[in-house]
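> One structure coming up, written as structure tokens, with questions to follow.
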Amino acid sequence: MQSTVRILPHHRDRLLPNNRYIFSSPGCENTNECYLPYQVEIYSGEPVVWINVDSAAHTVTSGSPALHDGLFDSGMLMPDQKWEYVFTDSGEYDYHCMLHPWMTGKVIVN
Ligand SMILES: [Cu+2]
Numbered sequence: 003m004q005s006t007v008r009i010l011p012h013h014r015d016r017l018l019p020n021n022r023y024i025f026s027s028p029g030c031e032n033t034n035e036c037y038l039p040y041q042v043e044i045y046s047g048e049p050v051v052w053i054n055v056d057s058a059a060h061t062v063t064s065g066s067p068a069l070h071d072g073l074f075d076s077g078m079l080m081p082d083q084k085w086e087y088v089f090t091d092s093g094e095y096d097y098h099c100m101l102h103p104w105m106t107g108k109v110i111v112n
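In this text, residue positions in the sequence shown follow my numbering: the first is 3, and each later residue adds one.
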């Protein structure tokens with residue numbers, strides 16, 4: 003089965019009366035909604051698809067911001083772009099966005 007994770011807006015935008023936006027970033031990490039769902043659980047051999055529904059670019063990069071383990075990396079995902087990765091080994095995989103290090107998610111492979 004395929005799992006889908008949506009990459010949501012990485013900040014909370016607020017429209018000011020003069021039609022300008024104020025960006026109160028970060029924000030999504032407070033509710034674990036940068037990648038939704040924050041955590042997916044799959045069986046080995048199954049793909050996970052990330053869809054960037056934000057208006058900004060993001061990445062899906064394995065490891066934590068402090069520790070890049072180099073296992074997988076989507077590269078730059080532009081708005082509306084998708085990226086698929088098939089997990090073949092069981093384990094727990096943390097990932098994050100290289101551009102916005104407070105964006106984190108997790109894949110558990112059984
Ligand atoms: Cu990002």
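Quick reminder that beta carbons are idealized off the backbone N, C-alpha and C, glycines included.
I need the straight-line Cα distance from Gly65 to Phe89, nearest angstrom please.
14 Å
> Asn112 lies in the beta strand (DSSP E); which residues open and close that run?
From DSSP, Asn112 is part of no beta strand (DSSP E); its letter is neither H nor E.
> What would DSSP say about Asn32, mapped onto helix, strand or coil?
helix
> Which term fits Ile9, buried or exposed, when burial requires 16 or more other beta carbons within 10 angstroms of its beta carbon?
So Ile9 ends up on the buried side.
> Entirely within the region 60-94 and at least 4 residues each: give me those alpha helix (DSSP H) ranges in chain order.
none
> Are the region 90-110 and the region 52-70 touching, with three or more C-beta to C-beta distances below 8 Å?
yes
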